[in-house]
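In the numbering used here, the protein residues as written are -17 to 112.
All residues carry an ideal CB built from backbone N, CA and C; glycine is no exception.
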Amino acid sequence: MSASDLVPVLGHARVLSEGLGDARRRVVAWEGDEAAGVAVFEPLFGPHAEAVIAIRPGDSDALLPYLLDELLERVQDAGLVAVRFVFESREQRHIAERLVAVHSHCALRRDWLDIRLEPAPGRTAARAAA
């Protein structure tokens, strides 16, 4: 993903603009031949374990939890443990509220959701061995 694919939101956070980005960092939900939703994460601050997630939904709000769950798995596989889900629209806030109700590692802010992930087990073992 190049800088031209991103637009600044809330200071240092960067959110997907029009490009679909690196395939390892994105999830696309399809309805037939149409892309019904796109989620992307972008690592922040170089090698540090923090990322920002943006979800640009299509017509189907029902896809938001799926997109977020799939993307969190990819974030965790990449070794990132601190995630900020920046709302693309106010309609996404109910998704964040549902996550906070279920997961104690989520903190809801005004325009974003902070999520703490456990490090992926394989990466933790590799770091301990190094």
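Are the beta-carbon atoms belonging to residue i and residue j less than 8 Å from one another?
| i | j | result |
| --- | --- | --- |
| L54 | L99 | yes |
| A78 | L95 | yes |
| I35 | F67 | yes |
| R91 | R56 | no |
Within 10 Å of its beta-carbon, does residue i have 16 or more other beta-carbons around it, so buried, or fewer, so exposed?
| i | result |
| --- | --- |
| A(-5) | The pLDDT assigned to A(-5) is 38, lower than 50, so where the model puts this residue is not dependable, and the model offers no usable value. |
| W12 | exposed |
| A21 | buried |
| G19 | buried |
In chain order, what residues of the same chain have a beta carbon less than 6 Å from the beta carbon of residue i, not counting five sequence neighbours either side?
| i | result |
| --- | --- |
| E52 | V9 |
| P101 | V63 |
Which of the three DSSP states, helix, strand or coil, is assigned to residue i?
| i | result |
| --- | --- |
| L(-2) | No answer about L(-2) holds up, because its pLDDT of 40 lies below 50 and its placement is not dependable. |
| V57 | helix |
| R91 | coil |
| V68 | strand |
| A11 | strand |
| E16 | strand |
Name the DSSP beta bridge partners of residue i, please?
| i | result |
| --- | --- |
| E24 | V34 |
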